[in-house]
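Encoded as structure tokens, the structure appears first; notes follow it.
Residue numbers (my numbering): 261 to 380.
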């Protein structure tokens, strides 16, 4: 199985996740989350497959999130508006994302990845 790994190379968490993937010989295609920001359609599909709340996909500690005061604005936005907002700027998306045909992992938690990633 080959994964899609969305990362921001300057992010230390993304670098740690990539190192983990390489050490565990996990096959993946790398995608820069800022230069090749996911589309609203991709995000909607991934959010649905993840079974996680939409809010889990927001980088709530990011500067863009804080500057836009999204903590206060998101509750009044529809899911469609929130997904379109995520698609407008890769820095709004929590990273890294690890995507396969049957799962979507958001952020890097070693225990979760060890349990979920099949091709170690």
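In this text, a Cβ means the ideal position worked out from N, Cα and C, and glycines have one as well.
Continuous alpha helix (DSSP H) stretch holding residue i: start and end
i, result
"residue 372", "370-376"
"residue 325", "323-327"
"residue 307", "300-310"
"residue 359", "No alpha helix (DSSP H) contains residue 359, which is instead part of the beta strand (DSSP E) from 357-359."
"residue 331", "330-333"
"residue 342", "339-348"
Start-to-end residues for the beta strand (DSSP E) that takes in residue i
i, result
"residue 291", "288-292"
"residue 267", "263-267"
"residue 365", "364-366"
From the options, residue whose alpha carbon lies closest to that of residue i
i, options, result
"residue 300", "269, 357 and 349", "349"
"residue 351", "313, 374 and 274", "274"
According to DSSP, residues forming a beta bridge with residue i
i, result
"residue 353", "318"
Other residues of its chain near residue i: CB distance less than 6 Å, five sequence neighbours each side excluded
i, result
"residue 380", "Only weak support is given to the placement of residue 380: the predicted model assigns it a pLDDT of 47, under 50, and the value that follows is read from those uncertain coordinates. So the qualifying residues of the chain are 284."
Residues near residue i by beta carbon distance below 8 Å, same chain, minus five either side
i, result
"residue 344", "300"
_Cβ pair count under 8 Å reaching 3, the segment 335-343 against the segment 354-368_ = Judged by Cβ distances under 8 Å, the segment 335-343 makes no contact with the segment 354-368, as fewer than three pairs qualify.
*Contact between the segment 321-332 and the segment 287-302: three or more CB pairs below 8 Å?*
Touching, no, given that fewer than three Cβ pairs across the two stretches are closer than 8 Å.
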